[in-house]
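Residue numbers (my numbering): 2 to 341.
These notes concern the structure reproduced below.
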């Protein structure tokens, strides 16, 4: 055979082998990338702190989604759901926000859910139109299904809050009572367990004019049991002092203490849980902090279930994640309050 032909065949063979050599590592890289993508979809790698999904699950007891405490199945009992700060879901976990509101709607009849309270910080970045669209889409799942309230946390304070959650959004509902300073401060009326209730939501670090407005509304509805929600109020030590607002004792002194119908105060903002109960003039006021944003996945979908049992004079408080179908069973997350 011609030497030139032989040399050409050798070079061709070496070239083909070289192509095979370079293709093989590339194929392995693609398999690795595909494997990583699947793993990320199952256990997201984005974290707000060092807590892992596994450790978050270890802190909870496994309970089927359909399981309910005996109290919630008793005739005359009713449930209020509390949605703590959802801001961190905006960073790769937006599906958890919608998962919460979808679960609420699915449980309205079974748990006799009468009201939903959102504690502020709907979004993390008030300048992000994308985040507001996510918040709007997730909260819209409740529209026409269940009465609910929202308020602007310190991360929500912008004109955009009142673009998506303005008074006109709620004006057509009979349970919507009114508002002050746009929908930054608002109230709702509902009846449950044979008693009338008013729920007032106040913006983060409410100014005194908002406090004055809330006082007037509470006095006009002093025959109703009152729940007050504001974004920042108590800290992890159950003290009335939080970052961004500073000393919040003025809310207690100017609004909570003077109004005899207030029995429950709710807030988020501070990362974690705490509670305190103060008795004034024979009336006990329970004050509850709940905010799970430092857990894995921006909160792991945890929300608060408040089951009111009027015949027993009790409120059963539970912390539950529709994402995992689990309850947190520690004393800070699962407890019972007296209902006067």
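All residues carry an ideal CB built from backbone N, CA and C; glycine is no exception.
Everything numeric in this text was worked out from a predicted model, so none of it was measured.
Span of the alpha helix (DSSP H) around residue i
| i | result |
| --- | --- |
| residue 98 | 95-107 |
| residue 89 | Here residue 89 belongs to no alpha helix (DSSP H), and DSSP marks it neither H nor E. |
| residue 221 | 209-221 |
| residue 163 | 162-165 |
For residue i, the residue or residues it bridges with in DSSP
| i | result |
| --- | --- |
| residue 141 | Per DSSP, none; premise fails for residue 141. |
| residue 247 | 243 |
| residue 359 | Because residue 359 is not part of the residues shown, which for the chain are 2 to 341, the question remains open. |
| residue 179 | 188 |
| residue 237 | Bridge partners of residue 237: none, in fact. |
| residue 322 | 327 |
| residue 279 | 286 |
Residue i versus residue j - alpha carbon distance
| i | j | result |
| --- | --- | --- |
| residue 221 | residue 298 | 42 Å |
| residue 285 | residue 244 | 26 Å |
| residue 261 | residue 223 | 8 Å |
| residue 32 | residue 330 | Bear in mind that a pLDDT of 28 at residue 32, under 50, signals an unreliable position, so the model cannot answer this. |
| residue 320 | residue 130 | 30 Å |
| residue 328 | residue 339 | 21 Å |
| residue 308 | residue 316 | 6 Å |
| residue 60 | residue 294 | Here residue 60 scores only 34 on pLDDT, less than 50, and its place in the model should not be relied on; the value that follows carries that caveat. For residue 60 and residue 294, the distance between alpha carbons rounds to 15 Å. |
| residue 145 | residue 199 | 19 Å |
| residue 256 | residue 210 | 12 Å |
| residue 89 | residue 300 | 7 Å |
| residue 263 | residue 188 | 13 Å |
| residue 287 | residue 279 | 7 Å |
| residue 151 | residue 179 | 13 Å |
| residue 98 | residue 325 | 13 Å |
| residue 195 | residue 92 | 42 Å |
| residue 235 | residue 226 | 21 Å |
| residue 168 | residue 184 | 5 Å |
| residue 102 | residue 251 | 33 Å |
| residue 43 | residue 247 | A caution first: residue 43 carries a pLDDT of 26, below 50, which makes its placement in the model unreliable, though a value can still be read off. Rounded to the nearest angstrom, the two C-alpha atoms are 40 Å apart. |
| residue 241 | residue 153 | 19 Å |
| residue 100 | residue 136 | 12 Å |
| residue 332 | residue 75 | 23 Å |
| residue 201 | residue 164 | 20 Å |
| residue 181 | residue 322 | 33 Å |
| residue 94 | residue 314 | 38 Å |
| residue 206 | residue 162 | 16 Å |
| residue 171 | residue 140 | 12 Å |
| residue 318 | residue 239 | 17 Å |
| residue 78 | residue 337 | 14 Å |
| residue 271 | residue 134 | 25 Å |
| residue 213 | residue 158 | 20 Å |
| residue 259 | residue 283 | 13 Å |
| residue 335 | residue 312 | 20 Å |
Cβ separation of residue i and residue j, assumed to be a contact under 8 Å, to the nearest whole Å
| i | j | result |
| --- | --- | --- |
| residue 342 | residue 117 | Past the edges of the chain, shown from 2 to 341, lies residue 342, and the structure says nothing about it. |
| residue 305 | residue 291 | 5 Å |
| residue 81 | residue 115 | 7 Å |
| residue 186 | residue 204 | 6 Å |
| residue 126 | residue 86 | No, residue 126 and residue 86 are not in contact; Cβ-Cβ is about 13 Å, not under 8 Å. |
| residue 237 | residue 275 | 5 Å |
| residue 269 | residue 120 | 4 Å |
| residue 190 | residue 228 | About 11 Å separates the two Cβ atoms, so there is no contact after all. |
| residue 148 | residue 176 | 4 Å |
| residue 96 | residue 124 | Not quite, the Cβ-Cβ distance comes to about 16 Å (not below 8 Å), so this is no contact. |
Local conformation of residue i per DSSP, three classes
| i | result |
| --- | --- |
| residue 170 | helix |
| residue 274 | strand |
| residue 257 | helix |
| residue 112 | helix |
| residue 195 | coil |
| residue 204 | coil |
| residue 298 | helix |
| residue 124 | coil |
| residue 130 | helix |
| residue 333 | coil |
| residue 157 | coil |
Boundaries of the beta strand (DSSP E) in which residue i is found, first to last residue
| i | result |
| --- | --- |
| residue 291 | 284-292 |
| residue 268 | 263-268 |
| residue 336 | 336-339 |
| residue 77 | Per DSSP, residue 77 belongs to no beta strand (DSSP E) and is neither H nor E. |
| residue 309 | 304-310 |
| residue 313 | Run containing residue 313: none; DSSP gives neither H nor E here. |
| residue 226 | 226-231 |
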